[in-house]
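Enquirer:
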Amino acid sequence: MWDETSKERAKTRYEKIKHLGEGQFANVYKAKDTETGKFVAIKKIKLGSRHEVMDGVNRTAVREIKLLQELRHDNIIGLLDVIGHKTNIQLVFDFMETDLEHVVKDNSIILMPEHIKNITLQTLLGLEYLHLHWILHRVRLHFAVTNCG
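Numbering (numbering that gives the first Met the number 0), first residue to last: 0 to 148.
What follows is the structure, given as structure tokens:
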């Protein structure tokens with residue numbers, strides 16, 4: 000998983016298109032899967048200093064990877080691929096055009112009661128699935144909310 004071959008595979012299979020954002024431990028990119036033609040999101044997790052890299056991948060990242068590899072639900076973002084390298088690990092996800100935080104905060108988006116009801120239902124369905132699998136969701140929403148009204 001941590002060799003030059005996987006790094007080269009990532010470069011050839013996933014064509015980065017646009018930088019979407021940066022957090023404390025990761026950068027997120029929009030990319031195109033050259034094998035399927037679909038857009039994906041790549042979360043490139045920084046492993047940090049040489050000392051931190053020697054300790055291995057952050058436990059939180061390992062937990063996220065393990066859970067997302069096991070979970071399959073329409074309202075939970077899908078993890079499609081994991082590509083490791085010496086200094087980073089890349090998680091390839093389904094691509095979503097927007098996120099719930101953006102929809103809620105954007106004053107130009109007018110949400111009708113039926114939209115709010117649909118978003119709430121989709122969020123609760125994803126949360127129910129997690130709870131049925133004994134997973135407590137305590138961070139930002141990674142729920143997949145579709146565009147249907």
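Built from N, CA and C at the ideal position, the CB exists for glycine as well. Computed from a predicted structure; not experimentally measured.
Determine whether the beta carbon atoms of residue 75 and residue 60 lie at a separation below 7 Å.
Expert: no
Enquirer: Just list the residues that DSSP pairs residue 94 with in beta bridges.
Expert: Looking at the DSSP assignment, residue 94 forms no beta bridge with any residue, so it has no partner.
Enquirer: For the candidate residues 11, 22, 93, whose alpha-carbon lies nearest to that of residue 41?
Expert: 93
Enquirer: Taking C-beta to C-beta, are residue 12 and residue 34 nearer than 7 Å?
Expert: yes
Enquirer: My output table needs one value for residue 99: the three-state DSSP class, helix, strand or coil.
Expert: Helix.
Enquirer: Can you tell me which residues form a DSSP beta bridge with residue 118?
Expert: In DSSP, residue 118 forms no bridge with anything.
Enquirer: Taking the alpha carbon of residue 27 as the reference point, which residue from 103, 89, 62, 77 has its own alpha carbon closest?
Expert: 89
Enquirer: Could you tell me whether the Cβ atoms of residue 14 and residue 37 are closer together than 7 Å?
Expert: no
Enquirer: Excluding the 5 residues flanking residue 80 on each side, which residues of the same chain have their C-beta closer than 7 Å to its C-beta?
Expert: 91
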